[in-house]
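Have a look at the structure below, then the notes.
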Amino acid sequence: MKIEIMGTGCVKCKKLYKLVVDTIKDIGVDAEVVKVEDLQAMMDRGVMITPALYINGEAVSAGRIPSKDELVGMINEAV
């Protein structure tokens, strides 16, 4: 599984990254977590608002930090 956090390094982006890392550890999922901070890469993917969360190449959240329960659901759905 590949999880991408797209954002320029703002506080929300950093919080989302930490939440994702902590959540996959807590639920025992093997996932590659990648921070994407390159503006062109984000534009190429159609990201208009950050932070954006992609799981296995699919956008699952944008412009907010999902709750841990929401994130667990998104990850479990993608497994």
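Numbering-wise (my numbering), the sequence shown opens with residue -14 and increments by one.
All C-beta atoms, glycine included, are put in the ideal place defined by N, C-alpha and C.
**Q.** Residue from V6, G(-6), L4 and D54 whose Cα sits closest to the Cα of M27
**A.** The residue among V6, G(-6), L4 and D54 with its C-alpha nearest the C-alpha of M27 is G(-6).
Q | Extent of the continuous beta strand (DSSP E) to which M59 belongs | A | From DSSP, M59 is part of no beta strand (DSSP E) but of the alpha helix (DSSP H) over K53 to A63.
**Q.** Opposing strand residues paired with V14 [DSSP bridges]
**A.** For V14, no pairing in a beta bridge is given by DSSP.
Q) Which first and last residues belong to the beta strand (DSSP E) in which M(-9) is found? A) Unbroken beta strand (DSSP E) run through M(-9): K(-13) to M(-9).
Q) A26 bridges to which residues according to DSSP? A) According to DSSP, A26 bridges with nothing at all.
Q) How big is the Cα-Cα spacing for C(-2) and A44? A) So the two alpha carbons sit approximately 15 Å from each other.
**Q.** Residue range of the unbroken beta strand (DSSP E) whose run includes V45
**A.** First-last of the beta strand (DSSP E) with V45: E43 to A47.
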